[in-house]
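Residue numbers (the numbering used here): 376 to 664. In what follows, a single structure is set out as structure tokens and then discussed.
Structure (structure tokens):
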């Protein structure tokens, strides 16, 4: 973890683009609440195969104009170099200077992934097209990418993204801090020392959490799963237990030197804000960790 202690901490929140006018109004309210704690940036997800492309663009530009840096997710799945280049130019013209560059998942029924197949190719293309204008975030998988052939191949894939020009990384969410520590140790051994910010998923709904985790390969430790199962439909107990578990993990991560936190909000403010307040990080330069 020594390599991570050299980096300035940064804190961020992730949204998904709303589908309806009601969703837009809700996101605006959520955005305003989260903006009060002055995060370093917001990020906005990008659907498989660009299925939310236009909504992502609209959401990113709207949020960015309101005064907090906003980073679009950009996937190479289903897009041509020309299309991706046009999107990069649009973001640059509108003052966007950070992008989360991802491979993306191939949607069901789509036979080809596009001209760029992997995230390292996307990072390389962005650098060729836009130089150093964008700070490029990439994904990291402390518990290994679910489609990786093995742990060593997964590490090599991450290193390729860094070599292609990634500035920093955001991890898939996890509930076992040791997986993050081990991942960083493995990176240090191969000389990869960019900031790797833990992705944090507040626990709000057990069935949704299980579904998300099964899809993305994130492990829910047995003791957490069993306790959540025991609460049944008691949503208040699930929320309180989840808040305590995730807060303790965040405390441990920050004490060990993690360079910040990235909250997967699912377009809700209170679960992330509760953890934020528990950690006492309203004044980030005076965090007593």
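We put the CB at the ideal spot given by N, CA and C, even for glycine. Computed from a predicted structure; not experimentally measured.
Reducing DSSP to helix, strand and coil, say where residue i ends up.
i: residue 412; result: coil
i: residue 525; result: coil
i: residue 428; result: helix
i: residue 606; result: helix
i: residue 385; result: strand
i: residue 486; result: Note that residue 486 scores a pLDDT of 43, beneath 50, so its modelled location is shaky; the value from the coordinates is reported in the next line. Three-state result, residue 486: coil.
i: residue 631; result: coil
i: residue 441; result: coil
i: residue 477; result: strand
i: residue 663; result: Its pLDDT being 44, under 50, residue 663 is placed unreliably in this model, and the value from its coordinates should be taken loosely. Residue 663: coil per DSSP, three-state reduction.
i: residue 613; result: helix
i: residue 620; result: helix
i: residue 540; result: coil
i: residue 567; result: coil
i: residue 599; result: helix
i: residue 530; result: helix
i: residue 594; result: coil
i: residue 407; result: helix
i: residue 491; result: coil
i: residue 395; result: coil
Given residue i, which residues of its chain have a CB within under 6 Å of its CB, disregarding the five upstream and five downstream residues?
i: residue 631; result: 376
i: residue 653; result: 622
i: residue 455; result: 490
i: residue 552; result: 624, 627, 628
i: residue 483; result: Any reading at residue 483 needs caution, since the residue's pLDDT is 45, under 50, leaving its predicted position unreliable; the model's value is listed next. Excluding residues within five positions, none has a Cβ falling inside 6 Å.
i: residue 378; result: 563, 568
How would you write the range of the beta strand (DSSP E) that residue i sits in, first residue to last?
i: residue 463; result: Careful: residue 463 lies outside any beta strand (DSSP E), inside the alpha helix (DSSP H) at 456-468.
i: residue 450; result: 445-450
i: residue 572; result: 571-575
Assuming residue i is part of the alpha helix (DSSP H), what are its boundary residues?
i: residue 512; result: Taken as a continuous stretch (DSSP letters only), residue 512 belongs to no alpha helix (DSSP H), being part of the beta strand (DSSP E) at 510-515.
i: residue 557; result: 552-564
i: residue 587; result: 581-591
i: residue 501; result: 494-505
i: residue 652; result: 645-654
Name the one or two DSSP bridge partners that residue i has.
i: residue 390; result: 419
i: residue 639; result: 389
i: residue 546; result: 515
Among the residues of its own chain, which have a CB less than 7 Å from the CB of residue i, if the five just before and after it don't count?
i: residue 436; result: 469
i: residue 612; result: 606
i: residue 600; result: none
i: residue 463; result: 501, 504, 505
i: residue 569; result: 537, 541, 542, 543, 544
i: residue 382; result: 570, 634
Among residues of its own chain, excluding the 5 on either side of residue i, which ones have a beta-carbon nearer than 8 Å to its beta-carbon?
i: residue 683; result: Outside the displayed range of the chain (376 to 664) lies residue 683, so it cannot be described from this structure.
i: residue 572; result: 385, 387, 543, 544, 545, 546, 633, 634, 635, 636, 637
i: residue 419; result: 389, 390, 391, 392, 431, 434, 435, 438, 445, 446, 447, 448
i: residue 518; result: 547, 549, 551, 554, 592, 593, 594
i: residue 477; result: 421, 448, 449, 450, 451, 494, 497, 513, 514
i: residue 614; result: 578, 579, 646
i: residue 650; result: 575, 577, 618, 621, 622, 625, 638
i: residue 616; result: 578, 602, 603, 606
**the stretch 587-605 touching the stretch 405-413, judged by at least three CB pairs closer than 8 Å** = Contact fails: fewer than three Cβ-Cβ distances are below 8 Å.
Taking contact to mean at least 3 C-beta pairs separated by less than 8 Å, is the stretch 552-565 in contact with the stretch 519-534?
Yes, they touch.
Are the stretch 497-517 and the stretch 541-549 touching, with three or more C-beta to C-beta distances below 8 Å? Yes, the stretch 497-517 touches the stretch 541-549.
Query - Stretch-stretch touch, CB-based, cutoff 8 Å, three pairs: the stretch 573-583 with the stretch 533-540 - result: No, the stretch 573-583 does not touch the stretch 533-540.
Count the C-beta pairs between the stretch 636-651 and the stretch 378-392 that are closer than 8 Å, then say yes if the count reaches three, no if not. They touch, by the three-pair rule.
When the Cβ atoms of the stretch 437-447 are set against those of the stretch 462-476, are three or more pairs found closer than 8 Å?
Verdict: yes, contact present.
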